[in-house]
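In the numbering used here, the protein residues as written are 6 to 122.
Glycine included, C-beta positions come from ideal geometry on N, C-alpha and C.
Here is the structure:
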């Protein structure tokens with residue numbers, strides 16, 4: 006009787022393993038098929054205000070590109086705080102946009118979106 010129970014346990018374990026393997030394979034395949042598509046709202050070209058245009062340029066561009074150009078400007082000028090890298094120190098061009106001397110990188114995008122139309 007003990008031999009029957011052991012055999013039953015072994016067979017149930019082997020079916021569990023094959024079931025897990027098959028779900029993993031299908032999950033990987035579905036992840037490959039559904040490539041990430043950019044949100045259309047982020048890709049819409051926005052016109053920067055005059056104050057923002059001094060930093061990134063005056064041509065219309067998507068919000069994602071605005072953020073990239075702003076980070077290029079910040080890194081080129083060395084405006085990240087030395088101790089707390091999440092904070093951005095405003096220079097004479099960024100002060101009208103941020104309205105403060107220092108903002109966090111998370112606040113920065115919110116403040117910049119006010120200057121896009």
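>> In the DSSP assignment, the beta strand (DSSP E) including residue 94 goes from what residue to what residue?
In response: 92–94
> In whole angstroms, what separates the C-alpha of residue 47 from that of residue 87?
Replying inline: Take the alpha-carbon of residue 47 and the one of residue 87: they are about 31 Å apart.
> Are residue 60 and residue 98 closer than 8 Å when you measure CB to CB?
Replying inline: yes
>> Buried or exposed, going by whether 16 or more other CB atoms sit within 10 Å of the CB of residue 43?
In response: exposed
> Between 79, 55, 122, which lies nearest to residue 156 when the distance is taken from Cα to Cα?
Replying inline: What the structure shows of the chain is the stretch from 6 to 122, and residue 156 is not part of that stretch, so it cannot be assessed.
> With a CB to CB cut of under 7 Å and the five nearest residues on each side skipped, what residues in its chain are close to residue 114?
Replying inline: 72
>> So, under 8 Å CB-CB, residue 107 and residue 93 are touching, yes? Tell me the CB distance rounded to an integer number of Å.
In response: About 7 Å separates the two Cβ atoms, so the contact holds.
> Should residue 66 and residue 45 be called a contact, given that it needs their Cβ atoms to be closer than 8 Å?
Replying inline: no
>> Can you find the residues in the same chain that come closer than 6 Å, C-beta to C-beta, to residue 91, ignoring five residues on each side of it along the sequence?
In response: 109, 110
> What is the DSSP secondary structure of residue 56, counted as helix, strand or coil?
Replying inline: helix
>> Please report the distance separating the alpha-carbon of residue 55 from that of residue 85.
In response: 23 Å
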